[in-house]
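J.: In the numbering used here, the protein residues as written are 17 to 292. By construction, the Cβ of each residue, glycine as well, lies at the ideal position given by its N, Cα and C atoms. Treat the numbers as computed from the prediction; the structure is a model and nothing was measured. Below is the structure I would like to discuss, written out as structure tokens.
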């Protein structure tokens with residue numbers, strides 16, 4: 017009886033060898049079209065360190081101990097994947113968010129993208145020889161947000177090339193430009209956690225400025241104008257870019273979040289959900 021090759025971990029992927037085998041979950045998929053370049057697909061994969069390889073190497077008591085004391089370690093790692101148009105046509109019917117897969121025969125290269133959706137040193141690229149098979153891996157976690165603290169953003173504790181996730185409470189509309197060719201909306205949001213615990217009583221909370229462009233701007237502007245907002249409007253930005261704003265670090269608009277590509281509205285009418 018032949019034994020299948022054990023799975024590699026995302027954290028170990030590098031360009032020093034060619035043959036890898038990973039068990040992963042697709043947590044995000046989006047299509048990028050920046051003329052004149054051909055469009056391509058981007059994905060985020062996550063794995064788990066609690067695979068069958070790992071479980072078979074420890075006894076039950078060791079596993080329970082590790083699960084209790086190292087749960088954050090066991091969650092696994094993320095990596096960004098690019099699927100060029102030719103390969104996208106080949107695989108488009110196979111990719112589903114939240115499904116788990118076994119993947120073989122892909123390229124691993126340095127993550128030299130201008131804006132990175134995760135902080136792995138490397139990224140993956142599918143080739144015509146890439147193979148994948150859907151398989152159930154319930155131990156691999158589903159999408160979990162890792163919200164950046166407002167204080168980190170305001171005081172410069174961020175990487176300008178690494179996209180982030182932020183959640184906040186809508187504060188006020190600062191600027192809207194919806195009639196010209198270049199559509200733009202600027203608004204501020206307050207720290208969501210301050211809002212939950214302090215804001216309603218002490219009127220405190222860090223504030224940051226957010227900028228939406230083109231379709232994103234129009235979607236938000238139309239939503240903002242047409243929806244009766246009787247409750248606090250919670251805004252969640254994923255894969256947002258942080259850049260320097262005007263003023264010093266004590267100015268509430270000293271950092272600006274840019275959301276550039278893909279936006280959709282959440283089913284909940286008081287919840288605006290933005291994806292890069």
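Within the region 86 to 154, note down every full alpha helix (DSSP H) run reaching 4 residues or more, in order along the chain.
T.: 87 to 90, 101 to 107, all fully within the region 86 to 154.
J.: With DSSP collapsed to three states, give me the class of residue 5.
T.: It is not possible to answer for residue 5, since the shown part of the chain is limited to 17 through 292.
J.: Return the first residue and the last residue of the alpha helix (DSSP H) that residue 203 is part of.
T.: As a working mapping, residue 203 is identified with position 187 in the chain shown. Residue 203 -> not in any alpha helix (DSSP H); beta strand (DSSP E) instead, spanning 200 to 207.
J.: Could you tell me the distance, in whole angstroms, from the CA atom of residue 96 to the CA atom of residue 197?
T.: As a working mapping, residue 96 is identified with position 80 in the chain shown. As a working mapping, residue 197 is identified with position 181 in the chain shown. Answer to the nearest angstrom: the Cα atoms are 32 Å apart.
J.: Please go through the same chain and pick out, in chain order, the residues whose beta-carbon is closer than 7 Å to the beta-carbon of residue 85, but skip the five residues on each side of it.
T.: The count along the chain shown starts at 1 and reaches residue 85 at position 69. With a pLDDT of 46 at residue 85, under the threshold of 50, the modelled position of that residue is not reliable, and the figure given next carries that caveat. Here the set comprises nothing.
J.: For residue 168, which residues from the same chain have a beta carbon less than 8 Å from its beta carbon, with the 5 sequence-adjacent residues on both sides left out?
T.: Here residue 168 is taken as the residue at index 152 of the chain shown, counted from 1. Excluding sequence neighbours, residue 168 sits near 174.
J.: Could you tell me which whole alpha helix (DSSP H) segments of length 4 or greater appear in the region 28 to 70?
T.: Qualifying alpha helix (DSSP H) stretches: none in this window.
J.: Using a 10 Å radius around the Cβ and a threshold of 16 neighbouring Cβ atoms, would you call residue 41 buried or exposed?
T.: For the purposes of this step, residue 41 is taken as the residue at position 25 of the chain shown. Residue 41 should be labelled buried.
J.: Using a 10 Å radius around the Cβ and a threshold of 16 neighbouring Cβ atoms, would you call residue 64 buried or exposed?
T.: Within the chain shown, numbered from 1, the residue matching residue 64 stands at position 48. Residue 64 is buried by the Cβ-count criterion.
J.: What are the start and end residues of the alpha helix (DSSP H) that includes residue 192?
T.: The residue given as residue 192 occupies position 176 in the chain shown. Premise fails: residue 192 lies in the beta strand (DSSP E), 180 to 193, not in any alpha helix (DSSP H).
J.: What is the DSSP secondary structure of residue 176, reduced to helix, strand or coil?
T.: Start at 1 with the first residue of the chain shown, and residue 176 comes out as number 160. The answer is coil: DSSP assigns residue 176 none of H, G, I, E or B.
J.: Could you check whether residue 44 and residue 60 sit closer than 8 Å to each other, using their CB atoms as the reference points?
T.: For the purposes of this step, residue 60 is identified with residue 44 of the chain shown, where counting begins at 1. For the purposes of this step, residue 44 is identified with residue 28 of the chain shown, where counting begins at 1. Yes.
J.: Checking 8 Å against the spacing of the C-beta atoms, do residue 182 and residue 148 come in under that value?
T.: Here residue 182 is taken as the residue at index 166 of the chain shown, counted from 1. Here residue 148 is taken as the residue at index 132 of the chain shown, counted from 1. No, the Cβ-Cβ distance between residue 182 and residue 148 is not below 8 Å.
J.: Taking the CB atoms as reference points, tell me whether residue 124 and residue 29 lie closer together than 8 Å.
T.: Position 108 of the chain shown, counting from 1, holds the residue named residue 124. Position 13 of the chain shown, counting from 1, holds the residue named residue 29. It is a contact, given that the beta carbons lie within the stated cut-off.
J.: Please classify residue 190: is it buried, with 16 or more other beta-carbons within 10 angstroms of its beta-carbon, or exposed?
T.: Taking the chain shown and counting its residues from 1, one reaches residue 190 at position 174. Per the 10 Å Cβ criterion, exposed.
J.: According to the Cβ coordinates, are residue 251 and residue 166 closer than 8 Å?
T.: Within the chain shown, the letter at position 235 stands for residue 251. Within the chain shown, the letter at position 150 stands for residue 166. For residue 251 and residue 166, no; Cβs fall outside 8 Å.
J.: For residue 157 and residue 242, what's the separation of their Cα atoms in angstroms?
T.: To locate residue 157, count along the chain shown from 1; it is residue 141. To locate residue 242, count along the chain shown from 1; it is residue 226. So the alpha carbons of these two residues sit roughly 37 Å apart.
J.: Is it the case that the region 45 to 57 contacts the region 100 to 113, given that we only count it when at least three CB pairs across the two stretches are under 8 Å?
T.: The answer is yes - the region 45 to 57 touches the region 100 to 113, with three or more Cβ pairs under 8 Å.
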